[in-house]
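I have placed the structure first, in the form of structure tokens, so that the comments after it can refer back to it.
In our numbering, the protein residues as written are 66 to 361.
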């Protein structure tokens, strides 16, 4: 897998055209299909980026990346958000092949040795809870009944500066688009966040397998979560939306603690891998709020 990541922090004025970039980050990663990093380059440059070579996407990569950027006091930067998301983005990247190969879900399309190595997913999230229709008899995901949806461009033509330039993709390709928008209102921080996992399609355009939107408010002074609601837009299995009903467990939690607290409060079948990723990223909101205050 060749993965490119780009992110920015942008300040928007009262006019949508009044948009300035205040921070950026980028990476280029070459990884195996097993999600092991083989090569990495970052902007800004990480002095010890080579130490991430051999690290596998998931808890291992997040621990290693947090140690790298924590030592540089670079947590809550665009680069950190990108690298932290390598775990989730690499996990779902292989779904792109399902758009391009008719034999994706058939036994003939996968070797016997590969099938034996498919991980058992039972119990890891709400969508894969024991007895779910999403699982086969061995507790592995059923690819033959996954839902998806045709989606348009992420770019709103009325707000062309709302996204940094999105690279064109040709052939088999996956994209995770993420956003966090915040503003002050009546003594609160209001938050709109979300993400979409979408793939190119042979017939043109894009198909999505995941899309979540999250609306929340936080106390302007203590930056604790006051309210939160999740809107599941596109998910692969009928059991998946159940996780959205559990996120009130986080109310009262300081946003700065979300990267750990989300995993503690929404473990296993209480949560959703992808919804948890959206919520964990809200740990960056206090940093964004400081930038908003400094530019107001």
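Glycine included, each C-beta is placed from N, C-alpha and C at the ideal position.
The model shown is predicted, which means the values in this text are computed figures rather than measured ones.
### Message
Looking at the strands, I want to know which residues DSSP matches up with residue 106.
### Response
Counting from one through the chain shown, the residue named residue 106 turns up at place 41. Paired residues: 93.
### Query
What does residue 71 pair with, by DSSP beta-bridge criteria?
Your numbering for residue 71 matches position 6 in the chain shown. Per DSSP, 91.
### Task
With DSSP as the reference, label residue 249 as helix, strand or coil.
Position 184 of the chain shown, counted from the start, is the residue given in the question as residue 249. Of the three classes helix, strand and coil, the one that applies to residue 249 here is strand, per DSSP.
### Query
Leaving out the 5 sequence neighbours to the left and right, which residues in its chain are closer than 8 Å to residue 147 when beta-carbon positions are compared?
By one-based count along the chain shown, residue 147 stands at place 82. Taken in chain order, the residues that qualify are 70, 71, 72, 90, 91 and 92.
### Task
Check the C-beta distance from residue 253 over to residue 295 and give it rounded, since I have them as a contact under 8 Å.
As a working mapping, residue 253 is identified with position 188 in the chain shown. As a working mapping, residue 295 is identified with position 230 in the chain shown. 19 Å between Cβ atoms; not a contact.
### Message
Do residue 280 and residue 316 count as a contact pair if the criterion is CB distance below 8 Å?
### Response
Taking the chain shown and counting its residues from 1, one reaches residue 316 at position 251. Taking the chain shown and counting its residues from 1, one reaches residue 280 at position 215. Taking 8 Å as the Cβ cut-off, residue 316 and residue 280 do not qualify as a contacting pair.
### Query
Which residue from 99, 276, 115 and 198 puts its Cα closest to that of residue 184?
Position 119 of the chain shown holds residue 184. Here the closest residue by C-alpha is 99.
### Message
Can you give me the C-alpha to C-alpha distance between residue 96 and residue 270, rounded to a whole angstrom?
### Response
Working through the chain shown from its first residue, we reach residue 96 at position 31. Working through the chain shown from its first residue, we reach residue 270 at position 205. So the two alpha carbons sit approximately 26 Å from each other.
### Query
Cα separation between residue 326 and residue 67?
Numbered from its first residue, the chain shown carries residue 326 at position 261. Numbered from its first residue, the chain shown carries residue 67 at position 2. Roughly 31 Å between the two C-alpha positions.
### Query
Which partner residues does residue 77 have in the DSSP bridge list?
For the purposes of this step, residue 77 is taken as the residue at position 12 of the chain shown. According to DSSP, which records beta bridges pairwise, residue 77 is partnered with 84.
### Task
Within its chain, find whatever has a CB closer than 7 Å to the CB of residue 172; leave out the 5 residues flanking it on each side and keep chain order.
Sequence index remark: in the chain shown, residue 172 carries index 107 (1-based). Here the model assigns residue 172 a pLDDT of 46, short of 50, so the residue's position is not dependable, and the following value carries that caveat. Excluding residues within five positions, none has a Cβ falling inside 7 Å.
### Query
Per DSSP, what kind of secondary structure is residue 218 in: helix, strand or coil?
Translated into positions along the chain shown, residue 218 becomes position 153. Residue state, collapsed to three classes: coil.
### Query
Relative to the C-alpha of residue 278, which residue among 264, 287 and 306 is closest?
Sequence index remark: in the chain shown, residue 278 carries index 213 (1-based). Nearest of 264, 287 and 306 to residue 278, Cα basis: 306.
### Own chain partners of residue 342 with C-beta closer than 6 Å, once the 5 adjacent residues on each side are dropped
Numbered from 1 along the chain shown, position 277 holds the residue referred to as residue 342. The residues are 153.
### Task
Using beta-carbon positions only, say whether residue 265 and residue 238 come within less than 8 Å of one another.
Taking the chain shown and counting its residues from 1, the one referred to as residue 265 is at position 200. Taking the chain shown and counting its residues from 1, the one referred to as residue 238 is at position 173. Yes. Within cutoff.
### Query
Based on the DSSP output, what are the partners of residue 258 in its beta bridges?
Working through the chain shown from its first residue, we reach residue 258 at position 193. DSSP lists 245 and 279 as partners of residue 258.
### Query
Alpha carbon to alpha carbon, what distance is there between residue 285 and residue 230?
As a first step, residue 230 must be located in the chain shown, where it is residue number 165. As a first step, residue 285 must be located in the chain shown, where it is residue number 220. Rounded to the nearest angstrom, the two C-alpha atoms are 32 Å apart.
### Endpoints, the alpha helix (DSSP H) within which residue 146 is located
Position 81 of the chain shown, counted from the first residue, corresponds to residue 146. Here the alpha helix (DSSP H) through residue 146 covers 143-149.
### Message
Quick check on the burial criterion: 16 or more other C-beta atoms within 10 angstroms. Buried or exposed for residue 261?
### Response
Against the chain shown, residue 261 aligns to sequence position 196. Result: buried.
### Residue nearest to residue 162 in terms of C-alpha spacing, selected from 246, 141 and 236
On the chain shown, residue 162 is found 97 positions in, with the first residue counted as 1. Measuring from the Cα of residue 162, the nearest candidate turns out to be 236.
### Bridge partners - residue 296, DSSP secondary structure assignment
For the purposes of this step, residue 296 is identified with residue 231 of the chain shown, where counting begins at 1. Note: residue 296 sits in a beta bridge opposite 278.
### Residue from 318, 319, 272 and 321 whose Cα sits closest to the Cα of residue 158
Position 93 of the chain shown, counted from the start, is the residue given in the question as residue 158. For residue 158, the nearest C-alpha among the options comes from 272.
### Query
Hey, out of 222, 263 and 288, whose CA is closest to residue 276's CA?
Start at 1 with the first residue of the chain shown, and residue 276 comes out as number 211. The candidate whose alpha carbon is nearest that of residue 276 is 263.
### Query
Which whole-angstrom value describes the C-beta separation of residue 303 and residue 198, a residue pair presumed to lie in contact below a C-beta threshold of 8 Å?
What you label residue 303 is simply residue 238 of the chain shown in a count that begins at 1. What you label residue 198 is simply residue 133 of the chain shown in a count that begins at 1. That belief holds up - the Cβ atoms of residue 303 and residue 198 are roughly 6 Å apart, short of 8 Å.
### Query
Taking DSSP as the reference, what is the three-state secondary structure of residue 367?
Outside the displayed span of the chain (66 to 361) sits residue 367, for which this structure offers no information.
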